[in-house]
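Right, one structure below, let's go through it.
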Amino acid sequence: MTVPNAERLRSCALVINECQNGMTNPEFASNEGLAGECAKRGVIANIARLASVCRELGVPVIHNTIVLRPDKFGTGATCLLLGSLRKKAAMTEGNAAAEIHPELTPEPDDVVMVRRGGLTPFHGTELELLLRAEAITTVIFTGVSTNIGIPGACLEAVNRSLTAVVPHDCIGAAFPEAQEFQVKHTLPLLATVTESESLIEALRAARQS
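The following block contains the structure:
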């Protein structure tokens with residue numbers, strides 16, 4: 003794993019992607035593999051600690067969620083994954099499954115973004131606009147999934163001339179093999195892959211320098 007560059011972390015934000023009950027909480031999730039892996043590896047607790055440190059250091063914390071309208075309007079079944087979300091209907095407004103995991107309940111100064119479709123936090127949201135307005139050049143991506151959402155977010159960040167950082171213990175996949183493959187082979191091509199404690203040390207160093 004790589005130690006994050008403290009210089010790049012002087013202007014950064016934390017994005018927590020799709021850490022909703024239906025994705026990451028075994029009590030609600032229809033995707034038992036993903037929620038089970040997150041629980042087994044302590045992903046939510048790791049994100050909660052990282053988010054707490056970010057708030058302490060003045061690093062913006064941004065939650066990105068996917069929440070379907072009750073009538074599903076605007077969420078096209080353009081791929082198998084979105085089609086499954088639309089069919090199961092768990093991630094709709096008013097459903098407990100669509101709510102953010104209780105261990106990651108947003109603080110008053112956090113930013114919460116809701117999108118109706120697509121597979122990455124940049125799609126149909128103000129994320130890029132807000133990052134540009136705050137002169138943020140590095141984005142720390144956490145959450146789910148390591149299979150699609152996290153590498154997709156990193157790719158979109160790179161396409162926008164932003165730097166991506168991924169703490170591997172703060173992301174979850176639907177099965178262990180996907181986590182291992184993406185962390186070893188895909189994500190290092192797009193982002194600085196690290197772990198949360200090293201990242202926290204680097205964030206503190208960036209703020210002290």
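Everything in the sequence shown is counted per this note's numbering, starting at 3 for the first residue and increasing by one. Even glycine gets a Cβ: it sits at the ideal position worked out from N, Cα and C. If you're wondering where the values come from, they're calculated on a predicted model, not measured in any experiment.
For residue i, which residues in the same chain have their Cβ closer than 8 Å to its Cβ, ignoring the five residues on either side in sequence?
i, result
"I150", "L83 and L121"
"K74", "R88, A91 and T94"
"R184", "It should be noted that the sequence gives Gln, not Arg, for residue 184. Correct list, in chain order: T148, N149, I152, P153 and A175."
"E39", "V45, G174, A175, A176, F177, P178 and Q181"
"L191", "none"
Taking only three categories from DSSP, how would you classify residue i?
i, result
"T165", "strand"
"I138", "coil"
"V61", "coil"
"A15", "strand"
"I49", "helix"
"V160", "helix"
"R71", "coil"
"F30", "coil"
"T122", "coil"
Can residue i and residue j be called in contact, C-beta distance under 7 Å?
i, j, result
"T2", "T196", "Outside the displayed span of the chain (3 to 211) sits residue 2, for which this structure offers no information."
"V69", "V116", "yes"
"V55", "I152", "no"
"H103", "I46", "yes"
"R10", "T140", "yes"
"A79", "G85", "yes"
"F177", "G35", "yes"
"N23", "E101", "yes"
"A15", "P28", "no"
"F30", "A135", "no"
"I142", "V114", "no"
Smallest Cα separation from residue i: which of the options?
i, options, result
"R71", "H65, V61 and L87", "L87"
"T165", "I138, E34, F183 and C172", "I138"
"C172", "L59, N7 and C21", "C21"
"A175", "S13, Q210 and N19", "N19"
"T67", "D111, S198 and T107", "T107"
"D111", "E130, R57 and L129", "R57"
"A207", "L59, H187, F30 and L133", "L59"
Quick one: what's got a C-beta closer than 7 Å to residue i's C-beta in the same chain, skipping five residues either side?
i, result
"A180", "T148 and N149"
"E158", "T122 and F124"
If I'm right that residue i touches residue j with Cβ under 8 Å, what's the distance once you round it to whole angstroms?
i, j, result
"P169", "T144", "6 Å"
If I measure Cβ to Cβ from residue i and keep anything under 6 Å in the same chain, skipping five residues before and after, which residues do I get?
i, result
"S198", "N48, L52, P169, D171 and C172"
"A204", "P6, A8 and L11"
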